[in-house]
Amino acid sequence: YAPSALEAAQGAHAVLHLTEWAEFRELDPAALGGAVAERRILDGRNALDPERWREAGWTYRALGRPTV
151 YAPSALEAAQ GAHAVLHLTE WAEFRELDPA ALGGAVAERR ILDGRNALDP ERWREAGWTY
211 RALGRPTV
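Every position in the sequence shown, counted from 1, becomes a number in the numbering used here once 150 is added.
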């Protein structure tokens with residue numbers, strides 16, 4: 151358990167986004183990028199804006215979406 155998404159992602163090599171809850175859907179990719187070891191995210195709900203995450207330096211993948 152972690153009190154926040156940023157604390158849960160601390161040092162992570164990949165982030166799995168598996169919920170549509172606003173708390174996680176509205177995360178700031180730049181702020182989260184400062185917490186992780188590597189900027190990789192898998193959007194399992196297609197709830198995130200791919201361009202926003204890529205512009206922040208993330209490798210973004212989503213289930214059911216083609217890889218650009």
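All C-beta atoms in this analysis are idealised placements derived from N, C-alpha and C, irrespective of residue type, glycine included.
Output the distance between the C-alpha atoms of residue i and residue j, rounded to the nearest integer angstrom.
i, j, result
"residue 181", "residue 209", "15 Å"
"residue 179", "residue 169", "16 Å"
"residue 205", "residue 214", "21 Å"
"residue 187", "residue 164", "8 Å"
Name the two residues that bound the continuous alpha helix (DSSP H) containing residue i.
i, result
"residue 212", "Segment 209 to 212 is the beta strand (DSSP E) holding residue 212; no alpha helix (DSSP H) there."
"residue 182", "179 to 183"
"residue 157", "155 to 158"
Between which two residues does the beta strand (DSSP E) holding residue i run?
i, result
"residue 190", "190 to 193"
"residue 166", "165 to 167"
List the whole-angstrom C-beta distance separating residue i from residue j, where the pair is believed to meet the contact cut-off of C-beta under 8 Å.
i, j, result
"residue 185", "residue 156", "5 Å"
Closest to residue i by C-alpha separation, out of the options, would be which residue?
i, options, result
"residue 176", "212, 159, 183, 199", "199"
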